[in-house]
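Okay, structure coming up:
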């Protein structure tokens, strides 16, 4: 996942940099004769200014995508995710797992804008040559299917708290009722959600009860904002 994120950064820098620093300046400086001969069909009879190119569908979607990815990438770094950066209020909400988790969902906006970005290509007008949607369709369908499956499965295992204990070292122990259909093996983990803290967040914790026990237990150490609120 991190390697792919790094590859995206490596790909975005020359792509956006080439358009903003090379293509756009060359286009607005091209002579009228060259423009009418080669570019009139693509950009219209009036040669666009640099601002026209920036605020067009291609430029605007590209810049918004770039901003979203910079935000998500920055808040996913170790310094922000682990609260190593100490910011004054109210900017302290930009650190911690919550900021990392929510900012990562900007990818939904990025995917939508990426499709729009690929539809409004400068020099390609035939629809079947605009292939961005082809590269996105399979991973988007797989991801959407996994999310839908997770939503359906999450409602099957509502539990009751049986016991709560706090041990030295800020370790919280939760014992919960064990649903009849819940099967697991030693060493596995499960995702836990607490609606009172956040109705959207699921966090993985190792199951510390034995498969033969009639209850489920997890031991949670206070490390971030979600565990602190829990």
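In the working numbering, the protein residues as written are 470 to 699.
Think of the CB as a built atom: it goes at the ideal place given N, C-alpha and C, for glycine as much as any other residue.
Could you check the C-alpha separation between residue i and residue j for me, to the nearest Å?
{"i": "residue 650", "j": "residue 537", "result": "41 Å"}
{"i": "residue 664", "j": "residue 508", "result": "56 Å"}
{"i": "residue 532", "j": "residue 490", "result": "14 Å"}
{"i": "residue 606", "j": "residue 485", "result": "23 Å"}
{"i": "residue 504", "j": "residue 580", "result": "33 Å"}
{"i": "residue 656", "j": "residue 562", "result": "34 Å"}
What does residue i pair with, by DSSP beta-bridge criteria?
{"i": "residue 523", "result": "In DSSP, residue 523 forms no bridge with anything."}
{"i": "residue 685", "result": "645"}
{"i": "residue 672", "result": "661"}
Taking only three categories from DSSP, how would you classify residue i?
{"i": "residue 515", "result": "coil"}
{"i": "residue 632", "result": "strand"}
{"i": "residue 493", "result": "helix"}
{"i": "residue 690", "result": "strand"}
{"i": "residue 593", "result": "coil"}
{"i": "residue 640", "result": "strand"}
{"i": "residue 679", "result": "coil"}
{"i": "residue 551", "result": "coil"}
{"i": "residue 586", "result": "helix"}
{"i": "residue 499", "result": "coil"}
{"i": "residue 621", "result": "helix"}
{"i": "residue 528", "result": "helix"}
{"i": "residue 565", "result": "coil"}
{"i": "residue 667", "result": "coil"}
{"i": "residue 488", "result": "helix"}
{"i": "residue 652", "result": "coil"}
Confirm, please, whether the CB-CB distance from residue j to residue i is below 9 Å.
{"i": "residue 496", "j": "residue 522", "result": "yes"}
{"i": "residue 631", "j": "residue 689", "result": "no"}
{"i": "residue 693", "j": "residue 547", "result": "no"}
{"i": "residue 476", "j": "residue 542", "result": "no"}
{"i": "residue 691", "j": "residue 640", "result": "yes"}
{"i": "residue 628", "j": "residue 654", "result": "no"}
{"i": "residue 608", "j": "residue 652", "result": "no"}
{"i": "residue 645", "j": "residue 604", "result": "no"}
{"i": "residue 453", "j": "residue 564", "result": "Residue coverage of the chain in this structure runs from 470 to 699, which leaves residue 453 outside it and unanswerable."}
{"i": "residue 544", "j": "residue 569", "result": "yes"}
{"i": "residue 666", "j": "residue 676", "result": "no"}
{"i": "residue 589", "j": "residue 526", "result": "yes"}
What's the call for residue i, buried or exposed, on a 16-neighbour Cβ count within 10 Å?
{"i": "residue 671", "result": "exposed"}
{"i": "residue 660", "result": "exposed"}
{"i": "residue 549", "result": "buried"}
{"i": "residue 596", "result": "exposed"}
{"i": "residue 567", "result": "buried"}
{"i": "residue 695", "result": "buried"}
{"i": "residue 539", "result": "exposed"}
{"i": "residue 556", "result": "exposed"}
{"i": "residue 493", "result": "buried"}
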